[in-house]
Amino acid sequence: MEQITIGNIKIDVVRKEIKNIHLAVYPPTGRVRIAAPLNVNEDAIRLFAISKLGWIKKNQRKFEGQERIAPREYKERESHYFQGRRYLLNIVETDKTQKVVLKNKKFIELHIKPGTSTAKRHEILTEWYRIELKKQIPAIIDKWEKILNVKVDDWQVKQMKTKWGSCNIEKKRIWLNLELAKKPEHCLEYIIVHEMVHLLERHHNDRFLYYMDTHLPNWRQLKTELNKLPVSHADWSY
190 MEQITIGNIK IDVVRKEIKN IHLAVYPPTG RVRIAAPLNV NEDAIRLFAI
240 SKLGWIKKNQ RKFEGQERIA PREYKERESH YFQGRRYLLN IVETDKTQKV
290 VLKNKKFIEL HIKPGTSTAK RHEILTEWYR IELKKQIPAI IDKWEKILNV
340 KVDDWQVKQM KTKWGSCNIE KKRIWLNLEL AKKPEHCLEY IIVHEMVHLL
390 ERHHNDRFLY YMDTHLPNWR QLKTELNKLP VSHADWSY
């Protein structure tokens with residue numbers, strides 16, 4: 190990937206088979222990316238970026254005040270999110286099976302052996318998030334396969350550092366960010382729809398926007414909501 194610097198702003202440049210230059214600023218860090226046609230030279234891209242400098246800075250400022258979740262220590266009464274709700278962590282020491290249990294819509298109970306390390310606590314809770322997210326996904330995909338008249342051949346969940354999701358069009362495979370387990374289900378649905386629309390249109394062009402506007406008219410509000418939610422200490426974005 191190419192990169193240019195305008196002032197003190199670094200801009201990633203991706204070249205694609207598109208007609209026009211597209212500019213985006215991504216939360217949570219304000220990362221800037223330009224998608225440019227294959228035949229546009231660097232000078233033209235720089236001039237375009239300079240002309241949009243005010244817009245770039247304005248949008249980067251929006252993310253400066255976004256709430257950040259400090260690195261988790263997995264200790265008693267620590268805040269954790271699940272499906273858009275805030276829960277307090279309750280540590281339950283046991284010699285039985287280690288597990289995670291939701292309690293009274295207020296607590297996430299982490300059942301662990303005495304002396305369990307922070308890393309192991311993280312591993313147990315992360316695996317629980319993965320299992321719970323995988324329970325949500327099939328029904329949403331099934332619903333939207335019928336609406337969009339497309340077929341998803343495979344989907345997977347993984348920790349992603351730069352995106353909420355991605356789509357391999359040739360293999361009809363969707364990848365979803367594990368962090369979506371912490372977000373409201375309607376935000377998860379928005380990301381799934383976004384990736385499935387790529388099976389109809391590869392690029393983020395007018396045709397892509399037409400499909401999104403037609404089938405999920407409130408997608409812009411959902412995108413804004415998702416990008417305003419608290420984000421983890423790691424730098425991943427969409």
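Quick note: the sequence shown uses the numbering used here, first residue 190, plus one each step. Just so it is clear, CB atoms sit at the ideal spot from N, CA and C, and this is done for glycine as well. All values reported here derive from a predicted model rather than from experimental measurement.
Item checked: At least 3 beta-carbon pairs within less than 8 Å: the stretch 357-366 vs the stretch 381-389 -> Taking 8 Å as the limit for Cβ pairs, the verdict is that the stretch 381-389 does touch the stretch 357-366.
Item checked: Beta-carbon contacts of M190 that lie in its chain and below 8 Å, excluding the five residues immediately before and after -> D201, V202 and V203.
Note to self: Nearest by alpha-carbon distance to K352: which of Y215, L299 and Q192 is it?
What the structure shows: Ranked by how close their Cα comes to the Cα of K352, the residues Y215, L299 and Q192 have Y215 in first place.
Checklist line | Unbroken alpha helix (DSSP H) run spanning P327, endpoints | finding: Unbroken alpha helix (DSSP H) run through P327: T307 to L337.
Next item on the list: Please say whether L337 and C376 have beta carbons closer to each other than 7 Å?
Entry: Between C376 and L337, the C-beta spacing is not below 7 Å.
Checklist line | Where the beta strand (DSSP E) through L299 begins and ends | finding: From DSSP, the beta strand (DSSP E) with L299 extends over F296 to I301.
Item checked: Coil, strand or helix - T351 by DSSP -> If DSSP states are grouped into helix, strand and coil, T351 belongs with coil.
Checklist line | Own chain partners of I313 with C-beta closer than 6 Å, once the 5 adjacent residues on each side are dropped | finding: So the qualifying residues of the chain are Q287.
Next item on the list: Would you mind working out which of W317, E334, K324 and D343 sits nearest Y270, comparing C-alpha positions?
Entry: Minimum Cα distance to Y270 is reached at W317.
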